[in-house]
Amino acid sequence: MSLFLSSFIFENKEYDQEFYQLDALIESYTLTLPGFIGMESVTDSVSGKTINNYYWRNREDMDKLMTEISHKKAKNQSQKWIKGYQVIVAEIQGAHNANLEHPLAEFTLPYRPSR
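In my numbering, the protein residues as written are 199 to 313.
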């Protein structure tokens, strides 16, 4: 089983009504994708950067979000709302959980160090 992570790290500016409308459309679309597992968001109190981690059952549905029209429109206008950003896409090599509420809590992927 392969799971994927797309991480969006950014510093925001002021949001406006258009941002919130696009954000709602993107979220609604994301929730329709069967490969979407869940997300978590953290804002660093020192740097002010926000880190949004999105978890996926498959690469195909993750790619569908990246090419969805509202997502592309938001990306094209991101300089209005975001100072700068970093995107990281990764295949998850291992995951385990010990009594923590988390989108991947039900997924156990034993990590096997390379030899």
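Glycine included, each C-beta is placed from N, C-alpha and C at the ideal position.
| Asked | Found |
| --- | --- |
| First and last residue of the uninterrupted beta strand (DSSP E) at Gln284 | 280-290 |
| Nearest neighbour of Lys281, chosen from Glu289, Lys247, Glu216 [CA to CA] | Lys247 |
| For Ala303, the nearest candidate out of Gly236, Ser200, Ile207, Gln215 (CA to CA) | Gly236 |
| Beta-carbon proximity list for Phe234, same chain, < 7 Å, skipping 5 on both sides | Thr228, Trp254, Asp259 |
| Cβ-based burial, Ala272 [other Cβ within 10 Å; buried from 16] | buried |
| C-beta contact flag for Phe305 and Asn250 at 7 Å | no |
| Residues near Leu231 by beta carbon distance below 7 Å, same chain, minus five either side | Asp259, Lys262, Leu263 |
| Ordered list of beta strand (DSSP E) runs contained in the stretch 210-280, each at least 3 residues | 234-241, 248-254 |
| Of the residues His294, Gln277, Arg313, Leu203, the one placed nearest Ser317, counting alpha carbons only | Residue 317 lies beyond the residue range present for the chain, which begins at 199 and ends at 313; the question has no answer from this structure. |
| Identity of the residues DSSP links to Leu201 by a beta bridge | Ile290 |
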